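Position in the sequence shown (from 1) plus 517 gives the number in our numbering. Below: the structure, in structure tokens.
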Amino acid sequence: MVLDGITPKVNGMIKAYYRSTTAQDLVRIDFFKPFCIRSSARQCRILSPILFNYAIDWIFGNVLHKDDGVVLAPEQLLTDLHFADDITSLASSFGNLQSTVSRLNEVAKPVGLSIYAGKTKVF
518 MVLDGITPKV NGMIKAYYRS TTAQDLVRID FFKPFCIRSS ARQCRILSPI
568 LFNYAIDWIF GNVLHKDDGV VLAPEQLLTD LHFADDITSL ASSFGNLQST
618 VSRLNEVAKP VGLSIYAGKT KVF
């Protein structure tokens, strides 16, 4: 977010919101000792999907070239679809798709995201 001009104060507030988050396991009727969650955005927080969408929009904004995507109509290209943590990248050829995915993976690394090869499919 700092790369996109978000002030350090706002960035610090978001980090503080996620700091020191704990969870407990519930088995039948017994709660286990709370433990710290050490990953980035917590899925149970309302801000998590907003932060993820922000990150994905920033990533694609820095990855896509003017002619990437598939033509829907004259001068209208569709480049990607995303819902929750699933992303579909569209391209007019396999070579263009391969190039886009490579750029996507490189730009996503500094944000802490990566492409999971196990879920990746090419049609």
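For each residue, glycine too, the CB sits at the ideal point set by N, CA and C. Bear in mind that the values here come from a model prediction, so they are computed numbers and not experimental data.
Between the Cα of residue i and the Cα atoms of the options, which residue gives the shortest distance?
| i | options | result |
| --- | --- | --- |
| Q593 | K583, I576, Q615 | K583 |
| A540 | K532, A533, F549 | F549 |
| F577 | P566, R536, S619 | S619 |
| G629 | S616, S610, F569 | F569 |
| W575 | M530, V624, K638 | V624 |
| D603 | P551, I573, D542 | I573 |
| G612 | K626, F640, I632 | F640 |
Over the uninterrupted alpha helix (DSSP H) stretch that includes residue i, give me the two end residues.
| i | result |
| --- | --- |
| S619 | 611-625 |
Under three-state DSSP, which class holds residue i?
| i | result |
| --- | --- |
| I632 | coil |
| A608 | coil |
| V580 | helix |
| F549 | coil |
| D585 | coil |
Can you tell me the Cβ-Cβ gap for residue i and residue j, rounded? I've got them flagged as a contact below 8 Å.
| i | j | result |
| --- | --- | --- |
| L607 | V580 | About 13 Å; that fails the 8 Å criterion. |
Could you pull the start and end residues of the beta strand (DSSP E) that residue i belongs to?
| i | result |
| --- | --- |
| H599 | 597-600 |
| V639 | Where V639 is concerned, there is no enclosing beta strand (DSSP E), given that its DSSP letter is neither H nor E. |
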